[in-house]
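Data block below; observations after.
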Amino acid sequence: MFFKKLWSNKNCKHDTYKLEADFSTDPIWCNKCGENLDIEDFSLSNILQEELECWVSDYGDWIDFGNDSLNEKGIEMENEHNKKGLELLRKIKEELGVDYPIIFSPSTSGELYQGVKK
111 MFFKKLWSNK
121 NCKHDTYKLE
131 ADFSTDPIWC
141 NKCGENLDIE
151 DFSLSNILQE
161 ELECWVSDYG
171 DWIDFGNDSL
181 NEKGIEMENE
191 HNKKGLELLR
201 KIKEELGVDY
211 PIIFSPSTSG
221 ELYQGVKK
């Protein structure tokens, strides 16, 4: 978390948010400046925080990094990951309410790998 504070954009109010999975980060970002935000700073239940952590830990499972290629059924895996993300977005909105406008940014990395194969 030290680096988050070091690179923090203090000029941004962080008043709109984005749910997006990435490697080794919390999944909530400022939708204005792009800063990765600490999940602990939001009033989310422990259960939802754990669900979000599990969802992030599954990010990229559709890619075989050893061979730099898409896993078999990789697109389906990515689609399932995005479907779970939408479900989590609904839960976040339910818990935080209208004072925390948040959107979902689905993963498209599998599509990029698929495009390389064409």
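Straight run, no breaks: the sequence shown in this note's numbering ends on number 228. Ideal placement from N, C-alpha and C gives every residue a C-beta, glycine not left out.
Item, Value
"Enclosing beta strand (DSSP E) for I157 [first to last residue]", "That residue, I157, is in no beta strand (DSSP E); its alpha helix (DSSP H) goes N156 to S167."
"Three-state secondary structure (DSSP) of D151", "helix"
"Spatial distance of L154 from S217 (CA atoms)", "23 angstroms"
"N-terminal and C-terminal residue of the alpha helix (DSSP H) that E193 is part of", "Inspection of the sequence shows that residue 193 is occupied by Lys rather than by Glu. Unbroken alpha helix (DSSP H) run through K193: G184 to L206."
"Residue nearest to G225 in terms of C-alpha spacing, selected from T126, D178, V208 and P211", "D178"
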